[in-house]
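S.K.: In terms of full-length UniProt numbering, the sequence shown opens at residue 1 and continues consecutively. Take this structure first; my questions come after.
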Amino acid sequence: MEFNYTDVNETCQNELGDVIPCNSSNCVPGATDDREILALKVFMTVIYTVIFITGFLGNMCTCLVISQNRYMQTATNYYLFSLAVSDLLFLMLGFPDEMNKTWNKRNYVFGAAFCWLRGLGAETCANASILIIVAFTVERWIALCHPFSRAHHSGTRLGRVTKIICTLWVLGLIFAVPQVTLLGMVQEVTCDGQPIPDEQICSIDQEYNNYARYAFQASTFLLFVLPMVIISFLYIRICLSLSRSERYFDGDTKLSYRSTMSKNRRTLPEQAAQELGDDQDPGRPSTSQVHRTGVENSKANVIKMLGMCNLFVQYN
1 MEFNYTDVNE
11 TCQNELGDVI
21 PCNSSNCVPG
31 ATDDREILAL
41 KVFMTVIYTV
51 IFITGFLGNM
61 CTCLVISQNR
71 YMQTATNYYL
81 FSLAVSDLLF
91 LMLGFPDEMN
101 KTWNKRNYVF
111 GAAFCWLRGL
121 GAETCANASI
131 LIIVAFTVER
141 WIALCHPFSR
151 AHHSGTRLGR
161 VTKIICTLWV
171 LGLIFAVPQV
181 TLLGMVQEVT
191 CDGQPIPDEQ
201 ICSIDQEYNN
211 YARYAFQAST
221 FLLFVLPMVI
231 ISFLYIRICL
241 SLSRSERYFD
251 GDTKLSYRST
261 MSKNRRTLPE
271 QAAQELGDDQ
281 DPGRPSTSQV
291 HRTGVENSKA
301 NVIKMLGMCN
311 LFVQYN
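Structural data, given as structure tokens:
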């Protein structure tokens, strides 16, 4: 099976019908019908546009609601506000680049400055989002498992959260620099090494491939694998703590109930009749039922809150 080469610069066509160098890994056997190519480009344009509009409006509404209502300015919402800002920046920087790749894949029209800026902004936003999710999970773990610790009550809560968020954005920027420094405008060449006119893309130069491989592997471990392990471990700890709390309250209420009944049996018959007789309100719940209901409601509310936060983060 042979590639479908052109006659001029020894190039071939990829799955989108773009003429590219014959030594490119994107070459596929055979040319694709122009109508299929156009339909695919239109379809991808519609998908990207819908994602951009819904993401932009949703995250903008989140920012406006939190910023315009003082009662919404809580520590949790500060983290959500920062995530919304990160998503907005990522969408605004990524949408033009994706449109260029869809319609003009082999010619980057935005220039070297936007290439570097888009890479820096996208990497910073992605890194900051991951770090913010980890910090938010740590906050929930401290609040639920160690509510009386010094870290939970140190300083002004909102001021401390603001400092944490700013620090995480700076760390996200620092982690992004090593990878972004490899980006630049790469000139496409033919099989014999001749440059193709007007064929430049925003990518990593081949001479940095080995360094880029190690940089991306380190980034994957530090900003994906390690955060996932930390988040999973903390959520497991939260669930175990809630489960122990439920068993503790159940055992405590049963012990208290048995002690009370033992005392009642040693009291006078009149007192026992007054407490357990017809004068007792039949609709009034017992102490154990009140404690058990309170614990179950608290556990359900916490799990519901964690689920909503996870859905929000995954959607964004």
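Positions of the beta carbon are idealized from the N, C-alpha and C atoms, including for glycine.
Are the stretch 88–104 and the stretch 155–175 touching, with three or more C-beta to C-beta distances below 8 Å?
M.R.: no
S.K.: Nearest to residue 91 by alpha carbon, out of 75, 124 and 109?
M.R.: 124
S.K.: Kindly indicate which three-state DSSP category residue 96 falls into: helix, strand or coil?
M.R.: helix
S.K.: Contact between the stretch 201–211 and the stretch 133–150 is defined here as three or more beta-carbon pairs at a separation below 8 Å; is this criterion met?
M.R.: The stretch 201–211, when compared against the stretch 133–150, does not touch it at the 8 Å Cβ threshold.
S.K.: Per DSSP, what kind of secondary structure is residue 205 in: helix, strand or coil?
M.R.: Residue 205: coil per DSSP, three-state reduction.
S.K.: Start and end of the alpha helix (DSSP H) containing residue 321?
M.R.: What is shown of the chain runs 1 to 316, which leaves residue 321 out entirely.
S.K.: Based on the DSSP output, what are the partners of residue 183 in its beta bridges?
M.R.: 204
S.K.: Alpha carbons only, please: which of 83, 55, 141 and 182 is nearest the one belonging to residue 120?
M.R.: 182
S.K.: Quick check on DSSP: helix, strand or coil for residue 106?
M.R.: Coil, per DSSP.
S.K.: Which one of 95, 169 and 223 has the shortest CA to CA distance from residue 115?
M.R.: Of the listed residues, the one whose Cα sits closest to residue 115 is 95.
S.K.: What is the C-beta distance between residue 132 and residue 83, in whole angstroms, given that I count them as a contact (C-beta under 8 Å)?
M.R.: 6 Å
S.K.: Starting from the C-beta of residue 55, find all residues in its chain whose C-beta is less than 7 Å away, skip the five residues before and the five after it, and write them out in chain order.
M.R.: 87 and 91
S.K.: Give me the Cβ distance between residue 108 and residue 185, rounded to the nearest whole Å; I'm assuming they're in contact under 8 Å.
M.R.: 7 Å
S.K.: Assuming residue 134 and residue 227 make a contact with CB atoms under 8 Å, what is their CB distance in whole Å?
M.R.: Residue 134 to residue 227, Cβ: 5 Å. Contact.
S.K.: Does DSSP classify residue 80 as helix, strand or coil?
M.R.: helix
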